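Student: Mind the numbering: the sequence shown is residues 1 to 96 in full-length UniProt numbering, read in order.
Yeah, the Cβ is synthetic: ideal placement off N, Cα and C, and Gly gets one too.
In this text, all values refer to a predicted model and were calculated from it rather than measured experimentally.
If you scroll down you'll find the structure; I have some questions about it.
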Amino acid sequence: MPWGVMAGHLAWGGLIDEGWRKGPWTAEEDRLLIEYVRLHGEGRWNSVARLAGLKRNGKSCRLRWVNYLRPDLKRGQITPHEESIILELHARWGNR
1 MPWGVMAGHL AWGGLIDEGW RKGPWTAEED RLLIEYVRLH GEGRWNSVAR LAGLKRNGKS
61 CRLRWVNYLR PDLKRGQITP HEESIILELH ARWGNR
């Protein structure tokens, strides 16, 4: 096997050759993930990726859900009260 092909398999676990997607998520992929999680719940992300028909790995699905798609995810500016809590804790604990 040529080194370039072998390196691709080692680096990505063969994901590129199997048609797995990398890069930005599409609206259709978001819709599939949201619908699957709504019907079946969170967890077992490798299975979610496969069963929802996504060409993504489980870690990518979990991160997309947790960081962008979760319905209870708070977006927008922090409140003055939240800011005061942050400043108080930073004064107490510093940059740990």
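Mapping DSSP to helix, strand and coil, what is W65?
Tutor: Counting from one through the sequence shown, the residue named residue 65 turns up at place 65. In the structure shown, W65 sits in a helix (DSSP, three-state: H, G or I).
Student: What would DSSP say about P71, mapped onto helix, strand or coil?
Tutor: For the purposes of this step, residue 71 is taken as residue 71 along the sequence shown, with counting starting at 1. Coil, per DSSP.
Student: Just mark Y68 as buried or exposed, buried being the case when its beta carbon has 16 or more other beta carbons within 10 Å.
Tutor: Sequence index remark: in the sequence shown, residue 68 carries index 68 (1-based). Y68 is exposed by the Cβ-count criterion.
Student: Which one of E29, I86, L63, G23 has the shortest CA to CA distance from E42?
Tutor: To locate residue 42, count along the sequence shown from 1; it is residue 42. Of the listed residues, the one whose Cα sits closest to E42 is L63.
Student: Cα separation between S60 and L87?
Tutor: Walking along the sequence shown from the start, residue 60 turns up at place 60. Walking along the sequence shown from the start, residue 87 turns up at place 87. Distance between the alpha carbons of S60 and L87 is about 33 Å.
Student: Under a Cβ-count criterion, where at least 16 other Cβ atoms within 10 Å of its own Cβ denotes burial, should L51 be classed as buried or exposed?
Tutor: Numbered from 1 along the sequence shown, position 51 holds the residue referred to as residue 51. The residue in question, L51, is exposed, as its Cβ has fewer than 16 Cβ neighbours within 10 Å.
Student: Closest to G58 by C-alpha separation, out of W65, V66, N46, would be which residue?
Tutor: Stepping through the sequence shown from its first residue, residue 58 is reached at position 58. The shortest Cα separation from G58 among W65, V66, N46 belongs to N46.
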